[in-house]
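Chains as they are written, first to last, in the working numbering: chain B, -6 to 236; chain V, 697 to 980; chain P, 86 to 408.
Every residue gets a Cβ at the ideal spot worked out from N, C-alpha and C, and that includes glycine.
Below: one structure, written as structure tokens.
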Amino acid sequence: MTAVLACRGLTARYGGSTALSDVTLEVPAGAMVGVVGANGAGKSTLVNALAGWSRGRPDISGEVRLGGATLDGVSAHERARRGLVLVPEGKGIFHELTVEENLALVRAPEDSAGRHVFDRDEVLGLFPRLGERLRHRGGALSGGERQMLALGRALLAAPRVLMLDEPSIGLAPRLVLDLLVSVRGLVDRGLPVLLVEQNVRAALEVVDRVFLLERGRVVGQGTAAAMRDDPRIVEAYLGALVR
Amino acid sequence: MNVGQQLINGLVLASGYACVAIGWTVLLGAARLVNFAHGQLYMLGAFVAWAAMDRAGLSYWASIPVAVVAVGLLGAAMQRLMGRLMLEHNLTSLMIVTLGFGYVVQGGAARIFGGEPHQLQSPLARGSIRMGELWLSGQDLLVFAVTAILFTLVWFALERTRVGATVRAVAEDPKLAQLFGIDASLVYLGVFVFESATVAFAATVVAPHSPILTSMGFDEVILTFVVVVLGGVGSVLGTLVASLGLGLFTAFFGALVSPAYTTAAAFAVVLAVLVLRPGGFAAK
Amino acid sequence: MSGPARAAGRLAALAVLLVLVYEMPRWLGGSVLVYSTCVTVAIFSVMAYGTDMVLSYLGEVSLGHTIFWAGGGYVAALLATRLGANGWATAAAAVAVALALAVVLGLATLRTREFVFSLVTYAAAVVAMEVTFNWAALGGSDGIIGIPKLTLPLPGGAWSGSSSAELWPVALALLVLTVAFIHRFRRSRLGLAALMVQMHPDLAATLGLDPRQVRLRVFVISAPVSALAGWLYAYQRAYVGPDMYESYFLVLMLTAAVLAGRRVLVGPVIGTALILLQQNYLSLGGDGDRIVLGLVLAGILIFWPQGLVGLWRLATRRRAEGR
Chain B
-6 MTAVLACRGL TARYGGSTAL SDVTLEVPAG AMVGVVGANG AGKSTLVNAL AGWSRGRPDI
54 SGEVRLGGAT LDGVSAHERA RRGLVLVPEG KGIFHELTVE ENLALVRAPE DSAGRHVFDR
114 DEVLGLFPRL GERLRHRGGA LSGGERQMLA LGRALLAAPR VLMLDEPSIG LAPRLVLDLL
174 VSVRGLVDRG LPVLLVEQNV RAALEVVDRV FLLERGRVVG QGTAAAMRDD PRIVEAYLGA
234 LVR
Chain V
697 MNVGQQLING LVLASGYACV AIGWTVLLGA ARLVNFAHGQ LYMLGAFVAW AAMDRAGLSY
757 WASIPVAVVA VGLLGAAMQR LMGRLMLEHN LTSLMIVTLG FGYVVQGGAA RIFGGEPHQL
817 QSPLARGSIR MGELWLSGQD LLVFAVTAIL FTLVWFALER TRVGATVRAV AEDPKLAQLF
877 GIDASLVYLG VFVFESATVA FAATVVAPHS PILTSMGFDE VILTFVVVVL GGVGSVLGTL
937 VASLGLGLFT AFFGALVSPA YTTAAAFAVV LAVLVLRPGG FAAK
Chain P
86 MSGPARAAGR LAALAVLLVL VYEMPRWLGG SVLVYSTCVT VAIFSVMAYG TDMVLSYLGE
146 VSLGHTIFWA GGGYVAALLA TRLGANGWAT AAAAVAVALA LAVVLGLATL RTREFVFSLV
206 TYAAAVVAME VTFNWAALGG SDGIIGIPKL TLPLPGGAWS GSSSAELWPV ALALLVLTVA
266 FIHRFRRSRL GLAALMVQMH PDLAATLGLD PRQVRLRVFV ISAPVSALAG WLYAYQRAYV
326 GPDMYESYFL VLMLTAAVLA GRRVLVGPVI GTALILLQQN YLSLGGDGDR IVLGLVLAGI
386 LIFWPQGLVG LWRLATRRRA EGR
């Protein structure tokens, strides 16, 4: 069975330093894959490279495939259109646009084969707080609400696979678990998700498989159950605590 | 000096400034691009309309879309050439490139249309309306009408349509827009064509009131800049208000002090504003 | 060869080069056109160096250096015609006025960002032109004519000249002094500070460099460079007018600065020489030349941002790899 999203030998360089080195992973259909590791391990670089997107100008090499088809030479916005949807770390919505406008910016394509379609009502049902604040500017929302909005608009894009980069940052602990559980609910309905998380403990609660990154390399992988007791995972978790 | 008449003059000037400035400020707001060729595009719009009438025998009304399309296409061509630089956000180089383009347009226009002054004939220019002691020409009324319609349309498009939201999104964060599936380069093309088309349109309605020369144009950017600084980058309402202020200032300063130094005076005011309250223009 | 010997050798080579360049117009025929072109290349190069200082070392596009260029010319014209001042006095006055204007403009633009800085300097130039055009004391639209010969009193007699052939030594001397000045500037604390602020602003901040102070200083000292070019131009033409504010000079300055490549020491000279050679020997008519100049400026930045030097380096590197 072909994975929905796969990469092989993915390498990323910024000037002289190597941020990612020969990373190979895949996200199977209907599964949630977690990427964990300490600060600076290259987790964000990884999802950004998969999305073909960056705020810098990295040198990327390696193979990325979406639904079996290669993404070589495909621009970031085209990848998003094809269903490889990334919710980036930090700023994921437009502050000057209203909640309504942020949601309306994205339109699902007519041909929805292989994609997971969500309509507005479903998204507002998932995040009722957004429905109460439709006319508010994105910048006026709380941190948690912004994450919901970022996730909501990502769903409206009818993704083939969803990538979330550190969705827990800036969220109150109770909200973190709520959010991850909501996402798990979507996965159970068939949506493949790639989750980058520094909060290893929370991630292990919801993911199926885990990839451990250290200094840009995959140093461990396995099922969530198997990796839970892996000493390196514990180290990464502690490393995240002592920031 | 007749206050009422100066008021009318000021309003007429204001409408002209507003029409010329709207494209520039939308472009600046959306793409952070200063188009130094703006004045030359204005000049070209006027001359294409004049040539359409003078050499092809078209009516004034038919020459307007000709000018708009011609200059709009030129704008598209310019943007395509600058495409890579725009995506790299190399603002310094982009500015100089537009300066170069403007110079090319000026040279080209001089080559094609010559260096003599001409008059863009509008059937409305001769008709006038008198209200007691005050009068304004039919052309002035046209400028008012065009300003009102144009600004309403632009405001509506920016604030109430999905296309407008897309433009505002790219203006805020072009990188993030990519993740939303938005092709920023297409938006930049659209905004650039909007700027060149509207400035040409503005030229066809504003230029009839004085002789046109291929050398005119370098000054247009200054007045536009004044309007944008005072009104706020990318703000439709701000452009209107600032144009009003500048128009009235020009009319009264010209009548009371000296018409020759109005640009200098306006600039002095703008400079004072920039120094005292940099606002959105402050250095990081 | 040891250090001092190598330095002496380099100086000797430069001296020989200088003599060759000095004799060059005579070898090229010594006609009026040749001397005129050479003098104009020298003058316009110096003018371009002023803008280039701001462009290369501050990373900002100053569109207002025409103010200093025209200012230098007008000061020379006024003092020479009204007061009969000699060349040294008019030069000193040109420098002083340029410094004063630059301080005002520099302070006004201290807190402005890239495009606003450019727009404000541009607008300042337009305003300066408008004022000059309308002010009778400055000759209004007619300008100032009848500028006398450039007279430089020296120990042992005064030197004077007005034709291009006569002014050539002065023009060359001015160019050489400017290049030497830029050379010193690059290695000076201010020059290095300017580069660091431009390239690594965070590092500069940790070193305690105030970017505004650096900006102001570089901007201010770049002004007299363009002003001295205008000073000599006044004597060469024996006339100054508001046409010195024309966009032609602005576009020429920018093209000369980017044509050869950024921060190439003799870049502006190469750029100016190429442009003027095209204009004087391969002219397509006034408007045609304008089109060419604009296309070169836009074209370099779009297709070969590294300039001609960059292209040359690319070509030599490719050839080396090809082997």
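Contacts between histidine 88 of chain B and chain V, judged by CB atoms closer than 8 Å, involve Glu868 in chain order. Looking at the backbone, the Cα of valine 299 of chain P and that of glycine 9 of chain B are separated by about 30 Å. With respect to the 8 Å criterion, glycine 94 of chain P and alanine 308 of chain P are not classified as neighbours on the basis of their beta carbons. Leucine 79 of chain B reaches chain V at Leu875, counting residues in chain order whose Cβ is nearer than 9 Å. At a cut-off of 8 Å, the C-beta of threonine 788 of chain V has no neighbouring C-beta in chain B. By the neighbour-count criterion, in which 16 or more other beta carbons inside 10 Å mark a residue as buried, serine 368 of chain P falls on the exposed side. Residue nearest to valine 180 of chain P within the set P/Gly191, P/Phe129, P/Pro353, P/Trp154 is P/Trp154 (criterion: CA-CA distance). Taking all protein chains shown into account, tyrosine 366 of chain P has fewer than 16 neighbouring C-beta atoms within 10 Å of its C-beta and is therefore exposed. DSSP places threonine 721 of chain V in no beta strand (DSSP E) but in the uninterrupted alpha helix (DSSP H) bounded by 699 to 727. Rounded to whole angstroms, the Cβ separation of glycine 768 of chain V and alanine 899 of chain V is 12 Å, and the two are not in contact under 8 Å. Histidine 285 of chain P counts as exposed, since fewer than 16 other C-beta atoms from the protein chains shown sit within 10 angstroms of its C-beta. By DSSP's assignment, glycine 213 of chain B forms a beta bridge with B/Leu205. Exposure of phenylalanine 852 of chain V is indicated by the presence of fewer than 16 other C-beta atoms within 10 angstroms of its C-beta. Closest by C-alpha distance to alanine 196 of chain B, out of B/Val212, B/Glu228, B/Arg177, B/Glu103, is B/Arg177.
Between the alpha carbons of valine 336 of chain P and alanine 956 of chain V lies a distance of about 26 Å. One Cα belongs to threonine 11 of chain B, the other to alanine 34 of chain B, and the distance between them is close to 11 Å.
Looking at V/Cys715, V/Ala821, V/Gly950, V/Gln874, the one whose alpha-carbon comes closest to that of serine 47 of chain B is V/Gln874. Contact of proline 353 of chain P with chain V by beta-carbon distance below 8 Å is absent, the smallest such distance being about 15 Å. B/Leu155 is the residue among B/Leu155, B/Arg122, B/Pro51, B/Asp15 whose C-alpha sits nearest the C-alpha of phenylalanine 111 of chain B. Judged by their CB atoms, leucine 187 of chain B and valine 28 of chain B are nearer to each other than the 8 Å cut-off. Residues of the stretch 709 to 731 of chain V whose Cβ lies closer than 8 Å to any Cβ of chain B: none.
Around threonine 935 of chain V, no beta-carbon contact reaches into chain B at under 8 Å, the shortest distance being about 18 Å. Identification of chain B residues near isoleucine 878 of chain V by a Cβ-Cβ cut-off of 8 Å yields His70, Leu98, ordered along the chain. Comparing alpha carbon positions, the residue from V/Val800, V/Val765, V/Arg728, V/Thr794 closest to threonine 894 of chain V is V/Val765. A Cβ-Cβ contact shorter than 8 Å links isoleucine 878 of chain V with histidine 70 of chain B. DSSP places isoleucine 53 of chain B outside any alpha helix (DSSP H); the residue lies instead in the beta strand (DSSP E), whose first and last residues are 52 to 59. Relative to the Cα of glycine 115 of chain P, the nearest Cα in the group P/Leu257, P/Ala250, P/Ala341, P/Ala400 belongs to P/Ala250.
Within the stretch 167 to 199 of chain B, not one residue has a Cβ closer than 7 Å to any Cβ of chain V.
For tyrosine 320 of chain P, DSSP records no beta bridge to any residue. Per the Cβ contact rule, the stretch 903 to 916 of chain V is not in contact with the stretch 74 to 83 of chain B (fewer than 3 Cβ pairs under 8 Å).
Listed by position along chain V, the residues whose Cβ is nearer than 8 Å to that of arginine 48 of chain B are Lys871.
In the three-state reduction of the DSSP assignment, tryptophan 397 of chain P falls in the helix class, which pools H, G and I. The beta carbon of leucine 832 of chain V lies closer than 8 Å to those of Ile704, Val708, Ser824, Ile825 in the same chain, with the five residues before and after it left out. With respect to the 8 Å criterion, valine 744 of chain V and valine 839 of chain V are not classified as neighbours on the basis of their beta carbons. Of B/Asp171, B/Asp222, B/Leu205, the smallest CA-CA separation from glycine 30 of chain B is found for B/Leu205.
In this structure the stretch 96 to 108 of chain P does not touch the stretch 224 to 234 of chain P; the number of beta carbon pairs closer than 8 Å is below three.
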